[in-house]
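Enquirer:
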Amino acid sequence: MKKIFKLLTYLIFIIYSVEILLFFFSSDLQKSLVNIKGKRIEIAKAKNKNFDLREPEVVYIEKKNKIKDLSVPFYYSSLFSNFETFKKAKKNNDYIPIRGPINKKTLSCAEDLNYRIINNDKYGFKNSNSIYDKQIEVFILGGSFAEGFCYGSQDDIAGNLIKENIQTLNLGVATTGPLVSLAVLKEFAPTYKPKDVFYLYYESNSLRVLNWEEKDIILTKYLEKNYKTNYIKNIDKVKSFLESIEKESLKIVTNKAKLYKKEEFYEEKKYLNNIKDILEINILKNRIRNLFNTKKNLYNLKLFNEIVLKMREETEKTGGNFTFVYIPSWDRFFNSSSNLHSIINLREEIIKNLNENQINVIDTTKYFSKLENLSDYYPLGYVGHFNEKGYKKVSNILKEKILN
5 MKKIFKLLTY
15 LIFIIYSVEI
25 LLFFFSSDLQ
35 KSLVNIKGKR
45 IEIAKAKNKN
55 FDLREPEVVY
65 IEKKNKIKDL
75 SVPFYYSSLF
85 SNFETFKKAK
95 KNNDYIPIRG
105 PINKKTLSCA
115 EDLNYRIINN
125 DKYGFKNSNS
135 IYDKQIEVFI
145 LGGSFAEGFC
155 YGSQDDIAGN
165 LIKENIQTLN
175 LGVATTGPLV
185 SLAVLKEFAP
195 TYKPKDVFYL
205 YYESNSLRVL
215 NWEEKDIILT
225 KYLEKNYKTN
235 YIKNIDKVKS
245 FLESIEKESL
255 KIVTNKAKLY
265 KKEEFYEEKK
275 YLNNIKDILE
285 INILKNRIRN
295 LFNTKKNLYN
305 LKLFNEIVLK
315 MREETEKTGG
325 NFTFVYIPSW
335 DRFFNSSSNL
345 HSIINLREEI
355 IKNLNENQIN
365 VIDTTKYFSK
375 LENLSDYYPL
385 GYVGHFNEKG
395 YKKVSNILKE
405 KILN
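The sequence shown lines up with residues 5 to 408 when you count with the numbering used here.
1) By how many angstroms is the C-alpha of Gly388 removed from the C-alpha of Gly146?
2) Per DSSP, what kind of secondary structure is Arg103 in: helix, strand or coil?
3) In its own chain, which residues sit with a C-beta less than 8 Å from the C-beta of Ala261, not counting the 5 before and 5 after it?
4) Assuming Tyr395 and Asp367 are in contact, meaning their beta carbons sit under 8 Å apart, how far apart are those beta carbons, in whole angstroms?
5) With DSSP collapsed to three states, give me the class of Thr224.
6) Just list the residues that DSSP pairs Asn123 with in beta bridges.
7) Out of Glu115, Arg103, Lys356, which has the shortest C-alpha to C-alpha gap to Pro77?
8) Closest by CA to Thr369, which one among Tyr205, Asp160, Pro198, Thr180?
9) Grab me the residues of Ser253's own chain with a C-beta within less than 8 Å of its C-beta, minus the 5 sequence neighbours each way, in chain order.
10) Helix, strand or coil, according to DSSP, for Leu145 in the structure here?
11) Using the Cα positions of Ser346 and Asn339, report the straight-line distance between them to the nearest angstrom.
12) Determine which residues share a DSSP beta bridge with Ile366 and list them.
13) Have a look at Lys405 and Val142 and give me their C-alpha separation to the nearest angstrom.
14) Cβ of Lys232 within 8 Å of Cβ of Glu191?
15) When we look at the beta-carbon of Asn377 and count the other beta-carbons within 10 Å, is it buried (16 or more) or exposed?
16) Rounded C-beta distance between Leu165 and Tyr196? I'm assuming under 8 Å.
17) Out of Lys72, Tyr371, Leu186, which has the shortest C-alpha to C-alpha gap to Pro332?
18) According to DSSP, which residues form a beta bridge with Phe78?
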């Protein structure tokens, strides 16, 4: 027994010694990713940019006093799956919204260290209600890139297309995957009959989120041919849920805001992140994953292909054209040591499967990889979603497809 204990002790010592060495010999980029906000502040200062040091919870509490209809966002995703309101609604088979709040404002994220106020429409999506008075030509489906994190409606993909007089509905739902997008399409397409539907697949997240969605019995019902809930007509049924989830979220936000107001919080967080990263042996795990490409079999590509085919089917039912849009991640271009490369490397297989099923595909990787100064298309030239320039680039690519 003593020998086994001794052996385990030596093994643990060796593993953590390797992790510590890997950390100290990691590139400056890898080290900066342990404290992303700190690096963003450093970049903003160097570029003489205006920036807001506050955490989103602190900003929300302060702005809530001035903007009475400011609320917190809700997405039908794993992010909210442990909330009591969500669990209770699932248990009682109550109506749960896809996105919220309804007819209220929310606070954006701040990858460029600036917060914005987001307007949510009568169905809980990131649009102006006036869009519904027009003949809608285009749907944008997907997660946070489709929604346009972290920018206002005028600077996201839908907003840029609207500036070109192409009436576009932003149906993006951040933190969600393809099953939620299928649900949105089945609920909205019969009413608004878009000419073009674009589903934005983000290579670092869409398949990972599907792992949660495929276990959700409400979402998987949308795989049935004629299943839908008449979401638009029943939108009033979700208001009590949204009121309850807002109260629950507000308690969490308030508690976090109190913590973040501590002056020493930022320095504590920086060092805690470094220690946490080492204790979890993240660098070593990432190297091993990339070496053996261990993640490939963790994703349900068969189900993913089935969902995309159903998206095309639903689009064609109302006379529209469906296009799959592949969105590359920042890690593809700038972080060769990322643990995401095992999923990033599925790109060719995914596109090959889509081509075999005669799905229209726009691979924006080809467009972005040819650009000079590619970092200019990301907030502060650093890790994150696209900035205004990046979203404008995607909208121009889609515009070309629409007009042709």
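Glycine included, every Cβ here is placed at the ideal spot set by N, Cα and C.
Treat the numbers as computed from the prediction; the structure is a model and nothing was measured.
Expert: Looking at the atomic coordinates:
1) For the purposes of this step, residue 146 is identified with residue 142 of the sequence shown, where counting begins at 1. For the purposes of this step, residue 388 is identified with residue 384 of the sequence shown, where counting begins at 1. Cα to Cα, the separation comes out at about 16 Å.
2) In the sequence shown, counting from the first residue as 1, residue 103 sits at position 99. Note: Arg103 maps to strand in three-state DSSP.
3) Counted from its first residue, the sequence shown places residue 261 at position 257. Taking C-beta separations shorter than 8 Å and ignoring five residues to either side along the sequence, the partners of Ala261 in its chain run Glu59, Glu61, Val62, Tyr64, Ile65, following chain order.
4) Position 391 of the sequence shown, counted from the first residue, corresponds to residue 395. Position 363 of the sequence shown, counted from the first residue, corresponds to residue 367. A Cβ-Cβ separation of about 17 Å leaves Tyr395 out of contact with Asp367 under the 8 Å criterion.
5) Taking the first residue of the sequence shown as 1, we reach residue 224 at position 220. Thr224 falls in the helix class under three-state DSSP.
6) For the purposes of this step, residue 123 is identified with residue 119 of the sequence shown, where counting begins at 1. Answer by DSSP bridge pairing, in chain order: Lys109.
7) The sequence position of residue 77 within the sequence shown is 73, counting from 1. Checked all of Glu115, Arg103, Lys356; the closest Cα to Pro77 is Arg103.
8) Translated into positions along the sequence shown, residue 369 becomes position 365. Cα-wise, what sits closest to Thr369 is Tyr205.
9) The residue given as residue 253 occupies position 249 in the sequence shown. Within its own chain, the residues whose Cβ lies closer than 8 Å to the Cβ of Ser253, once the five positions on either side in sequence are excluded, are Val76, Phe78, Phe87, listed in chain order.
10) Along the sequence shown, one-based indexing puts residue 145 at 141. Leu145: strand per DSSP, three-state reduction.
11) Counting from one through the sequence shown, the residue named residue 346 turns up at place 342. Counting from one through the sequence shown, the residue named residue 339 turns up at place 335. Rounded to whole angstroms, Ser346 to Asn339 spans 13 Å at the Cα level.
12) To locate residue 366, count along the sequence shown from 1; it is residue 362. Beta-bridge pairing links Ile366 to Val329.
13) Taking the sequence shown and counting its residues from 1, the one referred to as residue 405 is at position 401. Taking the sequence shown and counting its residues from 1, the one referred to as residue 142 is at position 138. Distance from the CA atom of Lys405 to the CA atom of Val142, rounded to whole angstroms, is 11 Å.
14) Locating residue 232 in the sequence shown gives position 228, where the first residue counts as 1. Locating residue 191 in the sequence shown gives position 187, where the first residue counts as 1. In this structure, Glu191 lies closer than 8 Å to Lys232 by Cβ.
15) Taking the first residue of the sequence shown as position 1, residue 377 is located at position 373. Using a 10 angstroms sphere on the CB of Asn377, the tally of other CB atoms stays under 16, which defines it as exposed.
16) To locate residue 165, count along the sequence shown from 1; it is residue 161. To locate residue 196, count along the sequence shown from 1; it is residue 192. About 15 Å; that fails the 8 Å criterion.
17) By 1-based counting over the sequence shown, the position of residue 332 is 328. Nearest C-alpha to Pro332: Tyr371.
18) The count along the sequence shown starts at 1 and reaches residue 78 at position 74. Answer is Gly104.
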